[in-house]
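The structure under discussion appears below in the form of structure tokens.
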Amino acid sequence: MAGPADSRHVAGPADAVGPADAIGPADLARPADPVGPTAPECVAGPADVADPADPVGPAAVRPDRTYLITGGFGSLGLLSAERLAAHGARHLVLMSRRVPGPVLAALRERLGPHVEVVPYAGDVGREEDVRRLDGALRARPQPLGGILHAAGVLADAPVAAQTWESLDAVFRAKVYGSWLLHRASLHHPELEFFVGYSSMASVLGSRGQANYGAGNAFLDTLLCHRYAAGLPGMSVNWGAWGGIGMAASMAERHIADVEHQGLGFFEPAAGMRALLRLLSEPVPQVGIAEVDWDRVAATRPLPDALYAPVARGAGRSAAAVDLAALLRRPRADRREAVSLVVRGVIAELLHFDGPEDVPPDARFFEVGLDSLAAVDSGNAEQGTAAGNGR
Ligand SMILES: NC(=O)c1ccc[n+]([C@@H]2O[C@H](COP(=O)([O-])OP(=O)(O)OC[C@H]3O[C@@H](n4cnc5c(N)ncnc54)[C@H](OP(=O)(O)O)[C@@H]3O)[C@@H](O)[C@H]2O)c1
Numbered sequence: 011m012a013g014p015a016d017s018r019h020v021a022g023p024a025d026a027v028g029p030a031d032a033i034g035p036a037d038l039a040r041p042a043d044p045v046g047p048t049a050p051e052c053v054a055g056p057a058d059v060a061d062p063a064d065p066v067g068p069a070a071v072r073p074d075r076t077y078l079i080t081g082g083f084g085s086l087g088l089l090s091a092e093r094l095a096a097h098g099a100r101h102l103v104l105m106s107r108r109v110p111g112p113v114l115a116a117l118r119e120r121l122g123p124h125v126e127v128v129p130y131a132g133d134v135g136r137e138e139d140v141r142r143l144d145g146a147l148r149a150r151p152q153p154l155g156g157i158l159h160a161a162g163v164l165a166d167a168p169v170a171a172q173t174w175e176s177l178d179a180v181f182r183a184k185v186y187g188s189w190l191l192h193r194a195s196l197h198h199p200e201l202e203f204f205v206g207y208s209s210m211a212s213v214l215g216s217r218g219q220a221n222y223g224a225g226n227a228f229l230d231t232l233l234c235h236r237y238a239a240g241l242p243g244m245s246v247n248w249g250a251w252g253g254i255g256m257a258a259s260m261a262e263r264h265i266a267d268v269e270h271q272g273l274g275f276f277e278p279a280a281g282m283r284a285l286l287r288l289l290s291e292p293v294p295q296v297g298i299a300e301v302d303w304d305r306v307a308a309t310r311p312l313p314d315a316l317y318a319p320v321a322r323g324a325g326r327s328a329a330a331v332d333l334a335a336l337l338r339r340p341r342a343d344r345r346e347a348v349s350l351v352v353r354g355v356i357a358e359l360l361h362f363d364g365p366e367d368v369p370p371d372a373r374f375f376e377v378g379l380d381s382l383a384a385v386d387s388g389n390a391e392q393g394t395a396a397g398n399g400r
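Be aware that the sequence shown starts at 11, since it is given in this note's numbering, and climbs by one per residue.
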């Protein structure tokens, strides 16, 4: 097993970070900071971001820089290492709490002798470990050029069953680790990218993952804060990677649940292409995911304006109106058909089972619509008619 004793283990001055680097409440709560996007700049499918026809490596990756990958021996960490090397990186430092010797040997074998792979056994959420790592990175002849922060664990539980332990387990990498890396990165002026491997769980929410959603939301906000401050920072809210990593170890029931909530699993190669493209065109926060927005919108417990611009309204209980067909029907039938659509929209807004639960002669406010919902209802009805009138 390779580890700290390995000849290529990062080793350097023990004390690189001073006492001022300790985390304090004042550091974490600075209301004056321009922090705060809560939704990614855009959410795109991997194929939309990636350009398979682009044979040029990202400008941000250089052979004379060191690249740090936390969670480097996890599935996405290893894949990221390979892709960075394929784009010209020659010095990689892979950090995780355990360094699996055979995995390290196999990676070195695949990358060949011209790529230096340095394992670092440490907990990114532990100040002492990050301090040692930082010192070692500063002692390297190739300055630190980029960080891929991919360390993370799951500790799923229904929200009422979350404990401090289940929060702390997830926060180690996502909260404490992100913060410690952020502080350490300030010592590395050559840094060109700092990418957080966040999750759509912090954007859409995810059943059983309140701790994971919160931890990733911290990561998102920190990286947006860095970006706003002119520092390298980009948080990628990944959707579900197919076949590898956390997704590969999910129970079938959980996979079905993810799909039910509107996320599809995407090809690892497409995800990596998307990431590499973004390295040279960074944004503070971006979602890369296969999302069925209609399904996302339909499976939320309450209507949510966030999805209105992207959901096409499929799955609505209201019947669609085919205006041409409607006009061909006898006048008396038209009234009944329109009434059915309007009552269907109201039933949807009020979470009734169907249009038959809304009496045809009901007054809007008597069945429970407030003025805002009435406006939504009007918009939905217009959309239904307009969408079918083309
Ligand atoms: N796979 C997906 O579909 C998906 C989707 C959205 C987001 N993500 C994010 O992408 C990242 C990578 O996911 P993955 O699928 O590759 O997971 P993975 O295969 O489980 O790898 C995670 C890695 O993180 C390391 N790690 C965990 N806690 C650490 C800590 N405190 N300090 C240092 N290393 C730590 C683990 O090694 P040790 O246990 O030895 O430390 C492991 O190498 C995660 O942050 C995850 O949240 C993944």
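Where is the CB? At the ideal position from N, CA and C, for every residue including glycine. Only a predicted model underlies this, so the values are computations on that prediction, with no experimental measurement involved.
Residue range of the unbroken beta strand (DSSP E) whose run includes residue i
i: GLU126; result: 126 to 131
i: ARG101; result: With the sequence shown as reference, residue 101 is identified as His, and Arg is not the correct amino acid for it. That run of the beta strand (DSSP E) goes 101 to 106.
Beta-carbon separation (whole angstroms), residue i vs residue j, contact threshold 8 Å
i: GLY200; j: LEU143; result: Gly is not the amino acid found at residue 200; the sequence shown has Glu there. In fact, because the Cβ distance is near 16 Å, the residues do not count as touching under 8 Å.
i: ILE79; j: LEU158; result: 5 Å
i: PRO294; j: LEU233; result: 6 Å
i: ARG107; j: PRO73; result: So it is not a contact: roughly 29 Å between Cβ atoms.
i: TYR207; j: LEU86; result: 6 Å
i: ARG353; j: PRO340; result: The pair is not a contact, with the Cβ atoms about 20 Å apart (cut-off 8 Å).
i: GLY411; j: ASP304; result: Because the chain in this structure spans residues 11 to 400, residue 411 falls outside the shown range and cannot be described.
i: ALA165; j: GLY84; result: Not quite, the Cβ-Cβ distance comes to about 16 Å (not below 8 Å), so this is no contact.
i: GLY190; j: VAL134; result: A quick correction: the sequence has Leu, not Gly, at residue 190. Sure, about 7 Å apart at Cβ, within 8 Å.
i: LEU102; j: GLU126; result: 7 Å
i: PHE362; j: VAL368; result: 7 Å
i: GLU291; j: GLY249; result: With 8 Å as the limit, GLU291 and GLY249 do not qualify as a contact, their Cβ atoms being about 20 Å apart.
i: PRO129; j: LEU104; result: 6 Å
i: PHE203; j: ALA69; result: Rounded, the Cβ-Cβ distance is 11 Å, inconsistent with contact.
i: PRO313; j: LEU360; result: In fact, because the Cβ distance is near 10 Å, the residues do not count as touching under 8 Å.
i: SER188; j: LEU229; result: 5 Å
i: LYS184; j: GLY162; result: 6 Å
i: ALA194; j: SER212; result: Incorrect: roughly 23 Å between the Cβ atoms, too far for contact.
i: LEU336; j: ARG344; result: 6 Å
i: PRO56; j: PHE374; result: Not really, about 44 Å apart at Cβ, beyond 8 Å.
i: THR231; j: GLN152; result: Actually they do not touch by this definition, with Cβ atoms about 31 Å apart.
i: ARG217; j: ASP139; result: The pair is not a contact, with the Cβ atoms about 33 Å apart (cut-off 8 Å).
Bridge-paired residues (DSSP) for residue i
i: ILE157; result: LEU78, PHE204
i: ALA54; result: ILE298
Extent of the continuous alpha helix (DSSP H) run through residue i
i: ALA350; result: This sequence places Leu at residue 350; Ala is not what is there. From DSSP, the alpha helix (DSSP H) with LEU350 extends over 341 to 359.
i: ARG118; result: 111 to 121
i: LEU333; result: 333 to 338
i: VAL140; result: 137 to 148
i: GLU366; result: First-last for GLU366: undefined, no H or E at that position.
i: GLU376; result: First-last for GLU376: undefined, no H or E at that position.
i: ALA95; result: 85 to 96
Ligand 3 heavy atom lying under 7 Å from the CB of residue i
i: MET282; result: Although ligand 3 was asked about, the structure shown includes only ligand 1 as ligands.
Interface flag, residue i vs chain D, CB-CB below 8 Å
i: SER290; result: Looking at the structure shown, chain D is missing, and only one protein chain is on hand.
Report yes or no: do three or more beta-carbon pairs, one from the segment 281 to 293 and one from the segment 81 to 96, lie closer than 8 Å?
-> In short, these stretches touch, since the Cβ pair count reaches three.
In the segment 245 to 310, which residue ranges form an unbroken beta strand (DSSP E) of at least 3 residues, counting only runs that do not cross its ends?
-> 273 to 276, 295 to 298
Within the segment 172 to 258, ranges of the alpha helix (DSSP H) (whole runs, at least 4 residues) | 174 to 181, 188 to 195, 211 to 214, 220 to 238, 255 to 258
The segment 240 to 255 / the segment 306 to 313 touching (three or more Cβ pairs under 8 Å) | no
Touching or not, the segment 220 to 233 and the segment 170 to 179, by the rule of three or more beta carbon pairs under 8 Å?
-> Yes, the segment 220 to 233 is in contact with the segment 170 to 179.
Is there contact between the segment 164 to 176 and the segment 107 to 119, where contact requires at least three CB pairs shorter than 8 Å?
-> no
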